[in-house]
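Chemist: Okay, here's the structure, questions in a sec.
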Amino acid sequence: MDDVNGDFFALLVDESCDVSRKEQLAIVLRYVNRCGSVVEHFIGIVHVRNTSALCLKEAIVDYLAQHSLSLSYVRGQCYDGASNMQGDFRGLKTLIQQESKFAYSIHCFAHQLQLTLVAVSKKCLEVGESQAEKVQEALDMGELETGRGLNQELGLARAADTRWGSHYKSFKNFISMFGSIIDVLDTIVVDARTLEERAKAKGYLSTCQTFEVAFMLHLMRDVLGITNELNTSLQKKEQDIANAILLVEVAKKRLQKLREEEWGLLVDKVSAFCVKYNISIPNFDDFYVNSGRSRRKVVDHTILHHYRVDIFFKIIDWQVQELNARFNEVTTNLLVGVACLNPVDSFSSFDINKILMMVELYPDDFDENIMVTLKNQLETYIVDVRDVDERFSNLQGLVDLSETLVKTKKHLNYPFVFRLVKFALLLPVATATVERTFLAMKLIKSELRNRMNDEFMSGCLVPYVERKIFNAISDETIMNTFQDMKTRRGQL
């Protein structure tokens, strides 16, 4: 806590149940240290009575108070997409902003991406039928114990709404293992012990060996593949918001290119896949007939129209719409201002007017007098770092900029510029650190060791998660700390 040194920080919070079904709230602080580096540190886990926003806020306030920290210094929040966290009226985000109105909340970008994909899948009827019913049935069957015949690296994990990358991996591996899956289903049809197992296997086999399933597998793999790099990047600790914005734009442009230029390529891949596995390829000029729809609802369009317009175009268009909607939660001026501070390409994005628009979002931190001083500092600063000081010529991001400002002691020359850079770095875009904490919690508190109290579990988790810091502490220091906690009979 001494490293925070009474400075501004951001909160990364998430909740999950432990093995005893007790709700646990993990708290991570994000701040800029004395070296100018942005760091995220897990400070503890707290048991909460329930997951209401008010209960979560009270737990956070109490825990911060134990470490002499206050919500008034919070300048960033990051949560998942649950309503108790992100709700605009009674969510945790809103309750904290009532006490620290400049604690701008950023819905975890990686969760946004996953929820975007899920929203598109649930919204589109064709995807709902082909993905949720047919593909998931085959995934469930693929989870049977099939011996060593299947590569464990290509295991078919059950897709989940909040498991980053699970959807893309499932579709990709399903295609790679398609032949093995068909072989397994064939074996079950022949060797099934009961009629029910044999009937299920036959049903799965018939649904898998259709052009529609093959088409959906390849389409969703390509769509999720476009966003997978963004998804992976957003889980990195060093990910900054300026690059996140750029990556979202890249994903949207790639989706648009897929829509406009790559229909033929997709059909060729699906057709080759069908030929390889003896799947019937329909004539695209024939009228489309949906076997699952009532005969009264006659479809008067071709198979080509069905696959290209009703599925291909629709999925991509909804994907782009969802990206636009879900990645628009932070004030535009704030995001643009952060991007303008980015030093990449010799500060090519630098724009004083846009940066000052960002500053207006922090009126308590930059009053009118400071604004005048800041404008002069910005004009001098950009000439200094872009045209004079070569040490700033090859910086790769806001973290590099912050560290170099401290290293060259220019953060003392341009204190208000440095404050802006810190605020930009305090805007977290991923809760990956919190997610890793829950993984560690499953190791510390397991089925065989499930009776530890909450304080003891938190005490075990902190040194485990932050072991790099604790490894640097000498044994003598630890023993002296325990010795001084209370009077003991013997000397440790």
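Numbered per full-length UniProt numbering, the sequence shown spans residues 1 to 492. Note that CB positions come from ideal geometry on N, CA and C, so glycine has one too.
Reducing DSSP to helix, strand and coil, say where Q98 ends up.
Modeler: As a position in the sequence shown, residue 98 is number 98, starting the count at 1. Residue state, collapsed to three classes: helix.
Chemist: At what residue ranges does the region 240-278 contain a whole run of the beta strand (DSSP E), taking only runs of 3 or more?
Modeler: Counting whole runs of 3 or more residues, the region 240-278 contains no beta strand (DSSP E) stretch at all.
Chemist: Using C-beta distances below 6 Å, list every residue in its chain close to G128, excluding the 5 sequence neighbours before and after it, in chain order.
Modeler: Translated into the one-based positions of the sequence shown, residue 128 becomes position 128. Residue confidence is low: G128 scores 41 on pLDDT, short of 50, so the model does not pin down where it sits. Its coordinate-derived value is still stated next. Once the five neighbours on either side are set aside, G128 has no close Cβ partner at all.
Chemist: Out of V248, D268, S348 and Y307, point me to the one whose CA is closest to D285's CA.
Modeler: Position 285 of the sequence shown, counting from 1, holds the residue named residue 285. Ranking V248, D268, S348 and Y307 by Cα distance to D285 puts Y307 first.
Chemist: Roughly how far, in whole angstroms, is the beta-carbon of H218 from the beta-carbon of I281, given that I think they are within contact range, below 8 Å?
Modeler: Here residue 218 refers to the residue found at position 218 when the sequence shown is read from its first residue. Here residue 281 refers to the residue found at position 281 when the sequence shown is read from its first residue. Not a contact, Cβ separation roughly 13 Å.
Chemist: Less than 8 Å separating the beta-carbons of V462 and D14?
Modeler: If you number the sequence shown from 1, residue 462 lands on position 462. If you number the sequence shown from 1, residue 14 lands on position 14. For V462 and D14, no; Cβs fall outside 8 Å.
Chemist: Could you tell me which residues DSSP puts in a beta bridge with D14?
Modeler: The residue labelled residue 14 in the question sits at position 14 within the sequence shown. Beta-bridge pairing links D14 to A26.
Chemist: With 16 other CB atoms within 10 Å as the buried threshold, where does Q77 fall?
Modeler: What you label residue 77 is simply residue 77 of the sequence shown in a count that begins at 1. By the neighbour-count rule (16 or more Cβ atoms within 10 Å), Q77 is buried.
Chemist: Look at the alpha carbon of A251 and the alpha carbon of G225, and state the distance between them as a whole number of angstroms.
Modeler: On the sequence shown, position 251 is the one that residue 251 refers to. On the sequence shown, position 225 is the one that residue 225 refers to. Cα to Cα, the separation comes out at about 10 Å.
Chemist: Is the region 4-12 touching the region 61-76, taking contact as three or more C-beta pairs under 8 Å?
Modeler: The region 4-12 vs the region 61-76: in contact.
Chemist: Rounded to whole angstroms, what is the Cα-Cα separation between K276 and E466?
Modeler: Along the sequence shown, read from residue 1 onward, the residue named residue 276 stands at position 276. Along the sequence shown, read from residue 1 onward, the residue named residue 466 stands at position 466. Approximately 50 Å between the Cα atoms of the pair.
Chemist: Alpha carbon to alpha carbon, how far is Y288 from H301?
Modeler: The sequence position of residue 288 within the sequence shown is 288, counting from 1. The sequence position of residue 301 within the sequence shown is 301, counting from 1. Going by the C-alpha atoms only, they are around 6 Å apart.
Chemist: So who's on the other strand from Q77, going by DSSP bridges?
Modeler: Residue numbering aside, residue 77 sits at position 77 when the sequence shown is read from its first letter. Answer is L11 and S105.
Chemist: If you count every other CB in all the chains shown that lies within 10 Å of the CB of S72, and 16 or more means buried, which is it?
Modeler: One-based indexing of the sequence shown puts residue 72 at position 72. Exposed is the call here.
Chemist: Between which residues of its own chain and F470 is the CB-CB distance below 7 Å, once the five residues before and five after are set aside?
Modeler: Translated into positions along the sequence shown, residue 470 becomes position 470. Cβ within range, chain order: P463.
Chemist: Three-state secondary structure (DSSP) at G44?
Modeler: Position 44 of the sequence shown, counted from the first residue, corresponds to residue 44. G44 falls in the strand class under three-state DSSP.
Chemist: Taking the alpha carbon of Q209 as the point to measure from, which residue in N228, G179, M220 and D222 has its own alpha carbon closest?
Modeler: Residue 209 sits at position 209 when you count from the first residue of the sequence shown. Nearest option by C-alpha distance: G179.
Chemist: Whole angstroms is fine: what's the gap from L426's alpha carbon to E40's?
Modeler: Locating residue 426 in the sequence shown gives position 426, counting from the first residue. Locating residue 40 in the sequence shown gives position 40, counting from the first residue. One C-alpha to the other measures close to 10 Å.
Chemist: Taking the straight line between their C-alpha atoms, what separation do you get for N342 and M358?
Modeler: As a working note, residue 342 is residue 342 in the sequence shown. As a working note, residue 358 is residue 358 in the sequence shown. Rounded to the nearest angstrom, the two C-alpha atoms are 14 Å apart.
Chemist: Give the straight-line distance between the Cα atoms of L54 and G91, rounded to the nearest whole angstrom.
Modeler: Numbered from its first residue, the sequence shown carries residue 54 at position 54. Numbered from its first residue, the sequence shown carries residue 91 at position 91. Answer to the nearest angstrom: the Cα atoms are 8 Å apart.
Chemist: Below 7 Å CB to CB, which residues in the same chain sit around I382 once its five sequence neighbours on both sides are set aside?
Modeler: Indexing the sequence shown from 1 puts residue 382 at position 382. Cβ within range, chain order: F347 and F350.
Chemist: Is the region 27-47 close to the region 434-443, with three or more CB pairs under 8 Å?
Modeler: Yes: at least three Cβ pairs fall under 8 Å.
Chemist: Is H67 near D454, with beta carbons less than 8 Å apart?
Modeler: Stepping through the sequence shown from its first residue, residue 67 is reached at position 67. Stepping through the sequence shown from its first residue, residue 454 is reached at position 454. It is not a contact, given that the beta carbons lie outside the stated cut-off.
Chemist: For M220 and L205, what's the separation of their Cα atoms in angstroms?
Modeler: The residue you call residue 220 lines up with position 220 of the sequence shown. The residue you call residue 205 lines up with position 205 of the sequence shown. For M220 and L205, the distance between alpha carbons rounds to 20 Å.
Chemist: According to DSSP, is Y414 part of a helix, a strand, or is it coil?
Modeler: Counting from one through the sequence shown, the residue named residue 414 turns up at place 414. Of the three classes helix, strand and coil, the one that applies to Y414 here is coil, per DSSP.
Chemist: Which residues does DSSP pair with V39 in a beta bridge?
Modeler: The count along the sequence shown starts at 1 and reaches residue 39 at position 39. Paired residue(s): Y31.
Chemist: Find the nearest neighbour of V338 within the set R34, F423 and K93, judged by alpha-carbon distance.
Modeler: Position 338 of the sequence shown, counting from 1, holds the residue named residue 338. The candidate whose alpha carbon is nearest that of V338 is F423.
Chemist: For T302, list the residues DSSP reports as bridge partners.
Modeler: In the sequence shown, residue 302 corresponds to position 302, counting from 1. Note: T302 sits in a beta bridge opposite F287.
Chemist: For V385 and S393, I'd like the C-alpha separation in whole angstroms.
Modeler: By one-based count along the sequence shown, residue 385 stands at place 385. By one-based count along the sequence shown, residue 393 stands at place 393. Computed Cα separation, rounded: 8 Å.
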